[in-house]
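Q: Questions regarding the structure given below will be posed in turn.
Numbering (this note's numbering), first residue to last: 179 to 276.
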């Protein structure tokens with residue numbers, strides 16, 4: 179699934195540094211609504227381990243991409259670990275409504 183973020187008002191307007199925080203807040207808000215992001219690192223690991231034992235998984239570039247996905251997912255879960263779902267939702271709403 180591909181998410182489209184439409185923070186800017188004009189199609190051809192170049193993003194500015196001020197657009198970063200609302201875009202990140204919108205991403206986290208969508209992520210929060212999609213489901214249990216805290217379990218995603220383990221879910222990705224399980225999926226990728228199943229792929230790795232197949233012929234398709236015997237591709238060095240694919241393995242590197244899978245490991246990077248797991249790493250990124252773990253970093254996100256760790257960064258948000260101290261916060262409750264409600265705190266994340268409220269922070270995203272506050273930024274988006276600023």
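Idealized CB from N, CA, C, for every residue including glycine.
In this text, all values refer to a predicted model and were calculated from it rather than measured experimentally.
1. Return yes when the Cβ of residue 222 is within less than 7 Å of the Cβ of residue 248, no when it is not.
2. May I have the straight-line CA-CA distance separating residue 236 from residue 228, to the nearest angstrom?
3. Work out the CA separation of residue 239 and residue 226 for me, nearest whole Å.
4. If residue 255 sits next to residue 204, beta carbons under 8 Å apart, how far is it from one beta carbon to the other, in whole angstroms?
5. Where residue 198 and residue 250 are concerned, what is the direct C-alpha to C-alpha distance, given to the nearest angstrom?
6. Restricting to Cα atoms, I'd like to know which of 202, 259, 231, 252 is closest to residue 274.
A: From the atom records:
1. Residue mapping note: residue 248 aligns to position 70 of the chain shown, counting from 1. Residue mapping note: residue 222 aligns to position 44 of the chain shown, counting from 1. Yes, the Cβ-Cβ distance between residue 248 and residue 222 is below 7 Å.
2. The residue labelled residue 236 in the question sits at position 58 within the chain shown. The residue labelled residue 228 in the question sits at position 50 within the chain shown. Each residue's Cα considered, the two are about 12 Å apart.
3. Numbered from its first residue, the chain shown carries residue 226 at position 48. Numbered from its first residue, the chain shown carries residue 239 at position 61. About 13 Å.
4. Looking up residue 255 in the chain shown gives position 77. Looking up residue 204 in the chain shown gives position 26. Not quite, the Cβ-Cβ distance comes to about 19 Å (not below 8 Å), so this is no contact.
5. Looking up residue 198 in the chain shown gives position 20. Looking up residue 250 in the chain shown gives position 72. For residue 198 and residue 250, the distance between alpha carbons rounds to 18 Å.
6. On the chain shown, residue 274 is found 96 positions in, with the first residue counted as 1. Closest option to residue 274, Cα to Cα, is 202.
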